[in-house]
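Asker: Residue numbers (this note's numbering): 7 to 185.
#1: Output the distance between the C-alpha atoms of residue 4 and residue 26, rounded to the nearest integer angstrom.
#2: If you run the structure through DSSP and keep just helix, strand and coil, what is residue 43?
#3: For residue 138 versus residue 85, is the C-beta spacing smaller than 8 Å?
#4: Between residue 78 and residue 62, how many whole angstroms is the CB-CB distance? I'm expecting something under 8 Å.
#5: Go ahead and label residue 98 buried or exposed: buried means 16 or more other beta carbons lie within 10 angstroms of its beta carbon, across all protein chains shown.
#6: Pick from 133, 119, 43 and 56: whose alpha carbon is nearest that of residue 6?
#7: Run through DSSP, which three-state label would residue 122 get?
#8: With distance defined between alpha-carbon atoms, name the residue in 42, 31 and 44 nearest to residue 50.
#9: Helix or strand or just coil, what does DSSP make of residue 134?
#10: Would you decide whether residue 112 is buried or exposed? Buried here means 16 or more other CB atoms lie within 10 Å of its CB.
#11: Among 53, 68, 56 and 55, which one has its Cα closest to the Cα of residue 44?
#12: Hey, quick one: how far does the alpha helix (DSSP H) through residue 56 stretch, first residue to last?
#13: What's the gap between the Cα of residue 105 and the Cα of residue 124?
Right under this line is the structure:
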């Protein structure tokens with residue numbers, strides 16, 4: 007994103023606004039958001055147990071320095087709730103996914119929260135290693151994006167990969183926060 011878009015976001019979200027971080031990993035975005043929008047309320051969703059442990063440590067280390075209210079949840083977010091397999095086929099801790107993999111190096115059984123139960127947010131970050139479209143489609147089905155203005159960040163290369171596999175790319179009335 008351009009510096010102008012971040013300046014605009016700072017002005018628009020100077021007051022306390024909710025932030026949702028789906029695929030929070032070890033907390034880098036939550037930490038950045040807590041510094042950028044100091045009075046924000048941040049909800050972090052990270053299903054991978056080891057990443058979640060590091061996320062909690064990151065949040066606890068910096069909670070006293072920031073005025074942000076940060077909560078963490080050890081669950082995945084998807085189009086359906088229940089349980090599922092989180093698979094790993096990468097080189098770093100951020101490459102776990104609910105997306106199907108041919109030959110995963112590892113799997114972990116996780117709790118999945120249906121995206122329809124996600125709290126309202128003014129700022130949404132989604133980085134789920136290929137499962138972004140599934141979440142976005144579910145949020146669109148339940149008119150999530152009509153509930154108010156959203157700033158949005160995602161790993162767009164994963165969404166583009168999915169659209170090449172036959173999924174239509176959805177049109178959302180949201181503006182990118184970071185690229």
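All C-beta atoms, glycine included, are put in the ideal place defined by N, C-alpha and C.
Answerer: Short version:
#1: Here the chain comprises residues numbered 7 to 185, so residue 4 is not present and cannot be evaluated.
#2: Residue state, collapsed to three classes: coil.
#3: Not a contact, by the Cβ cut-off of 8 Å.
#4: Right, their Cβ atoms sit about 6 Å apart.
#5: By the 16-neighbour rule on beta-carbons within 10 angstroms, residue 98 is exposed.
#6: Because the chain in this structure spans residues 7 to 185, residue 6 falls outside the shown range and cannot be described.
#7: The DSSP-derived three-state label of residue 122 is helix.
#8: Residue 31 is the option with its Cα nearest to residue 50.
#9: Three-state result, residue 134: coil.
#10: Classification of residue 112: exposed, given that the 10 Å Cβ count is below 16.
#11: If we check each option's Cα against that of residue 44, 68 comes out closest.
#12: Taken as a continuous stretch (DSSP letters only), the alpha helix (DSSP H) holding residue 56 covers 55-68.
#13: Just so you know, the alpha carbons of residue 105 and residue 124 end up roughly 19 Å apart.
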